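Visitor:
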Amino acid sequence: MTIELTTPVSPDALDPRVAVDPARLLDRVERFARIGRNAHGGIDREGFGDADVEARAELVREAHRAGLDVWGDAAGNVLIRRPAAADRAGRRVVLLGSHLDTVSNGGRLDGAYGVMAALEVVQAVAEADADPSHEPVAVAFANEEGARFPQPFWGSKALTGQLDDLPGEPEDNDGVPLRGQLARAGGDLDALDSAAWPPGSISAYLELHVEQGPVLEQAGDRIGVVSGITGRTVLTVDVVGRAGHAGTTPMELRSDPLTAASRIVLAVEDLARGSRLCRVATVGRLQVRPSTPNTIPQGVQLTVDLRDGDPVRLELAEDAVRNAMSVIAGERGVELTVAVDTRSQPARMDEALKQAVADSATELGHPWQVLPSGAGHDAQIVSGVAPVGMIFVPSIGGVSHVPEEDTADADLVAGAEVLLRTALRL
Ligand code: HGY
Ligand code: MN
Ligand code: MN
Numbered sequence: 003m004t005i006e007l008t009t010p011v012s013p014d015a016l017d018p019r020v021a022v023d024p025a026r027l028l029d030r031v032e033r034f035a036r037i038g039r040n041a042h043g044g045i046d047r048e049g050f051g052d053a054d055v056e057a058r059a060e061l062v063r064e065a066h067r068a069g070l071d072v073w074g075d076a077a078g079n080v081l082i083r084r085p086a087a088a089d090r091a092g093r094r095v096v097l098l099g100s101h102l103d104t105v106s107n108g109g110r111l112d113g114a115y116g117v118m119a120a121l122e123v124v125q126a127v128a129e130a131d132a133d134p135s136h137e138p139v140a141v142a143f144a145n146e147e148g149a150r151f152p153q154p155f156w157g158s159k160a161l162t163g164q165l166d167d168l169p170g171e172p173e174d175n176d177g178v179p180l181r182g183q184l185a186r187a188g189g190d191l192d193a194l195d196s197a198a199w200p201p202g203s204i205s206a207y208l209e210l211h212v213e214q215g216p217v218l219e220q221a222g223d224r225i226g227v228v229s230g231i232t233g234r235t236v237l238t239v240d241v242v243g244r245a246g247h248a249g250t251t252p253m254e255l256r257s258d259p260l261t262a263a264s265r266i267v268l269a270v271e272d273l274a275r276g277s278r279l280c281r282v283a284t285v286g287r288l289q290v291r292p293s294t295p296n297t298i299p300q301g302v303q304l305t306v307d308l309r310d311g312d313p314v315r316l317e318l319a320e321d322a323v324r325n326a327m328s329v330i331a332g333e334r335g336v337e338l339t340v341a342v343d344t345r346s347q348p349a350r351m352d353e354a355l356k357q358a359v360a361d362s363a364t365e366l367g368h369p370w371q372v373l374p375s376g377a378g379h380d381a382q383i384v385s386g387v388a389p390v391g392m393i394f395v396p397s398i399g400g401v402s403h404v405p406e407e408d409t410a411d412a413d414l415v416a417g418a419e420v421l422l423r424t425a426l427r428l
């Protein structure tokens, strides 16, 4: 399936001097996979945690070893570019990137692969001393997942000047303040505005990412030309009841937050599975306090993750879940507080960039297809300020956010070659 050709092919697009180094790319992917790896083979590199800070430091060292310029911003993003030659000053920038942080017990490719490929593109262009129309700059966005500090897309929102009204002192789920952790990652909570790039300074953004689903693998396609990214709403819900003795408190006198939360969990599932108000709905975290076998819980905190490609459906689904929760709270005699962790709008990919990705894949002989993303990505945040394009490679078994997340080496290399060629043809 083709889209009308709109992207002019620059001479550099076919310049054989500029090439991905497959061994270097795969070695970096493997080395970074060891940072934060747990005993089960999963990666615990939650944003602004110790392993994430270490990965960020290693990326800085890697960029220095590659002879590139590297710097951090107040939000904890890491940026890499060729040493700025005077004759390139003011040249348009194509930003290439993804994120280094992971979910808890996550996979080795989600995010990190795209960062390593972006670094590879900058280094390949530098080594060839190529002269593309757009200067490639690589970025590792901070805290895309929001796995520990519940402000997902933190780094891309800061870099694009879209940080929502943040709590004065953001904290993680255990009440640890972000301020100190951000400082350890080279950031500064009081200077976040300085991380924002001037409007118009990003001519295009490209993100290479594993698909995290089964579509490409089942179709036998090697490259995904992403058409759009899902919208997403994440709520944190606190349910407070009355703690008590499990043995002496009569059932009819209880205000049990855990049984109320259990009704909420099933109501969330019903949103997508039953009434189909949104595409998917998930409760991924549920914490009981004080969590002792012979005490009726005092409180429960849970998260609600709603997704849909249509912002109106997403809004209706959020209204429906809020209504369902307040009915359950009333029936069960518990108190509710609902906080919005994030509301990210669905994003369309830029048509010309889709074409450029498709043409690059075709020229390299890789079968491709156009598909939407059910996962959220920094690209959807950057789409608020610049044209964006995304490239997928197949996920083995279609799994992600688990230790088994994997992609064939040949596909990892193919994705990076498509990223390079696409960046050069702008
Ligand atoms: O949750 C997501 O869709 C992404 O992995 N942040
Ligand atoms: Mn992810
Ligand atoms: Mn990701």
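Per this note's numbering: the sequence shown = residues 3 to 428.
Glycine included, C-beta positions come from ideal geometry on N, C-alpha and C.
What you are looking at is a predicted structure, and each value in this text was computed from that prediction instead of being measured.
1. Can you name, in chain order, every residue of its own chain whose Cβ lies under 8 Å from the Cβ of G230, other than the five neighbours on each side?
2. When you compare each of A354, E419, G170 to M118 by their alpha carbons, which one comes out closest?
3. Touching or not, the region 334-349 and the region 367-387, by the rule of three or more beta carbon pairs under 8 Å?
4. At the level of alpha carbons, what is the spacing between S328 and A21?
5. Am I right that V212 and S362 are in contact with their C-beta atoms under 8 Å? What's the rounded C-beta distance?
6. Suppose the cutoff is 6 Å on Cβ atoms and the five residues either side in sequence are ignored; what does the same chain contact list for R334 look like?
7. Is DSSP giving R90 helix, strand or coil here?
8. Pick from L366, E407, Q371, G400: whose alpha carbon is nearest that of A416?
9. May I ask you to check if the CB of G286 is nearer than 7 Å to at least one heavy atom of ligand 4?
10. Given a threshold of 16 other Cβ atoms within 10 Å of its Cβ, counted over all protein chains shown, does P201 qualify as buried or as exposed?
11. Nearest by alpha-carbon distance to K159: which of L194, A185, D133 is it?
12. What distance in whole Å lies between the Cβ atoms of E173 and L180, which are believed to be in contact at a cut-off of 8 Å?
13. Keeping to the same chain, check which residues put their C-beta closer than 8 Å to that of L7; ignore five residues upstream and five downstream.
14. Could you pull the DSSP bridge partners for R39 from this structure?
15. Applying the criterion that 16 or more other CB atoms from any shown protein chain within 10 Å of the CB defines a buried residue, is L27 buried or exposed?
16. Verify the contact flag: G417, CB atom, against every heavy atom of ligand 3, threshold strictly below 7 Å.
17. Hey, would you say L208 sits closer than 8 Å to V124, going by beta carbons?
18. Ignoring anything shorter than 4 residues or poking outside the region 103-154, list the alpha helix (DSSP H) runs there in chain order.
19. D380 lies in the alpha helix (DSSP H); which residues open and close that run?
20. Select from V31, T250, D23 the residue whose C-alpha is nearest the C-alpha of D408.
21. What I want to know is whether the C-beta of D112 ends up closer than 7 Å to one or more non-hydrogen atoms of ligand 2.
22. Just the C-alpha distance for I45 and A248, rounded to the nearest angstrom, thanks.
Guide: Let me lay it out:
1. G311, P348, A349, R350, M351, P374, S375
2. E419
3. yes
4. 57 Å
5. Going by Cβ atoms, the distance from V212 to S362 rounds to 18 Å, so no, they are not a contact pair.
6. A262
7. helix
8. L366
9. Ligand 4 is absent from the structure shown, which contains only ligand 1, ligand 2 and ligand 3.
10. exposed
11. L194
12. 6 Å
13. Note that L7 scores 38 on pLDDT, short of 50, meaning its location in the model is unreliable; the coordinates nonetheless yield the value given after this. Here the set comprises Q357, D361.
14. I45
15. buried
16. no
17. no
18. 114-130
19. 380-384
20. V31
21. yes
22. 38 Å
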